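In the working numbering, the protein residues as written are 227 to 476.
For glycine and all other residues, C-beta sits at the position ideal for the given N, C-alpha and C.
Quick caveat, the model's predicted, so the values are computed rather than measured.
To start, the structure itself, in structure tokens.
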């Protein structure tokens, strides 16, 4: 997999590179574990998604809003997090103030693939690979759209002529996309033995990116449920008190 096509990912997700306006197809809703009031993150899927990000997406795309310590939220223990962080070299200064590098630590942000914007553009033919921290929030139905885009490649319908260097994607506005398919069957080897189909890889990486964009989601939902239950109980008590106080009047 060449990194250059991946540099276009977020722009393509946002639909800014469409060659012409077109009516978007209705997105098929996927079965996400985090959907609904009581939804939670599938830890196994999120960990597989982390693997897809590290082996594929991280060649070009950063997660500037995420720290390695955040991986505890998808079920990794301290030793696993330390090992992942230590696998990268983080820029720092030595005792004399000179630039140097050190192994990453859990409190470090995810290391970006490029030192700066100019370095990224120079390496990727002028394209700036966007950060993926909030990519699932870029539009409504973000998880479904990202999944649909990653799995939406195929042959164009009869009579449709693709522009030079373009690929057919049924989920992309205009259905002509410049990015080659970023995922392939068997592109990663999952440690848990899960079969790495395109659909599985897409589902897993979307789960991971949704967690990165919403690490507090489960806590927020728990608080919301508790508040609703509290208000229901309070409403019942208030009504009972009102009936008692006004009983003689009625």
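| query | result |
| --- | --- |
| Candidates 288, 324, 360 and 331, of which the one nearest residue 305 by Cα | 331 |
| Three-state secondary structure assigned by DSSP to residue 437 | helix |
| Same chain, Cβ closer than 6 angstroms to residue 444, neighbours up to 5 away in sequence not counted | 266 |
| Assigned exposure category for residue 427 - 16 Cβ within 10 Å defines buried | buried |
| C-alpha gap between residue 432 and residue 402, whole angstroms | 22 angstroms |
| Residue(s) in a DSSP beta bridge with residue 327 | 317 |
| Rounded straight-line distance, which links the Cα of residue 464 to that of residue 430 | 47 angstroms |
| Residue environment, residue 311, which counts as buried when at least 16 other CB atoms sit within 10 Å | buried |
| Nearest-angstrom Cα separation, counted from residue 285 out to residue 406 | 15 angstroms |
| Spatially closest choice to residue 393 from 359, 261 and 380, by CA coordinates | 380 |
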